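Report on the following structure.
In structure tokens, the structure reads:
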């Protein structure tokens, strides 16, 4: 019995769980432990002078949450929000942020030995926000670092504007 529990723990340590979502038909993933909840798209209050990828803020049970459109953040073509558009609410440090995505897919267990380093050309602004490339058969999931993706300076600017 002890050996079985030890093996289960070892297998869990060799896998990482990611919530996967799509943007422009490409699959991305963020660590499941960073995800607080997934919401359908709802009303967002615009913030003047915020970066172009910050759509505004929303009230989430009394907390003002900045909302970042990942298509705009990655400089992709805009897409009208529809019934599949979701907001992934994530914890970044001691802040809560909403990420607008095209669709949420599922939670994947990706073995750590199936995660490759990102290409050197992959960047997100000043520093890379892609931490790795999860390989599952023929599928490749781009794994994102929510801290770098959101950017502390962008959040501070939004918080000052919202105050």
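In my numbering, the protein residues as written are 396 to 558. Yeah, the Cβ is synthetic: ideal placement off N, Cα and C, and Gly gets one too. In this text the structure is predicted, and so the values were computed from the model without any measurement.
> On the three-state DSSP scale, how would you describe residue 442?
Replying inline: Along the chain shown, one-based indexing puts residue 442 at 47. Of the three classes helix, strand and coil, the one that applies to residue 442 here is coil, per DSSP.
> Does DSSP classify residue 447 as helix, strand or coil?
Replying inline: The sequence position of residue 447 within the chain shown is 52, counting from 1. Correct three-state label for residue 447: coil.
> Less than 8 angstroms separating the beta-carbons of residue 497 and residue 417?
Replying inline: Numbered from its first residue, the chain shown carries residue 497 at position 102. Numbered from its first residue, the chain shown carries residue 417 at position 22. The answer is yes: Cβ separation under 8 angstroms.
> Given residue 530, which residues of its chain have a CB within under 7 angstroms of its CB, disregarding the five upstream and five downstream residues?
Replying inline: Here residue 530 is taken as the residue at index 135 of the chain shown, counted from 1. Answer for residue 530: 509, 511, listed in chain order.
>> Pop quiz: residue 503 and residue 440 are said to be a contact at Cβ under 8 angstroms. What is the actual Cβ separation, rounded to whole angstroms?
In response: Along the chain shown, read from residue 1 onward, the residue named residue 503 stands at position 108. Along the chain shown, read from residue 1 onward, the residue named residue 440 stands at position 45. Incorrect: roughly 33 angstroms between the Cβ atoms, too far for contact.
>> Cutting at 7 angstroms between CB atoms, please list the residues of its own chain near residue 527, excluding the five before and the five after it.
In response: Locating residue 527 in the chain shown gives position 132, where the first residue counts as 1. Hits under 7 angstroms: 510, 511, 512, 513, 538.
> Alpha carbon to alpha carbon, how far is residue 473 from residue 409?
Replying inline: Position 78 of the chain shown, counted from the first residue, corresponds to residue 473. Position 14 of the chain shown, counted from the first residue, corresponds to residue 409. Whole-angstrom Cα-Cα distance: 37 angstroms.
>> DSSP three-state label for residue 546, please.
In response: Along the chain shown, read from residue 1 onward, the residue named residue 546 stands at position 151. Three-state result, residue 546: coil.
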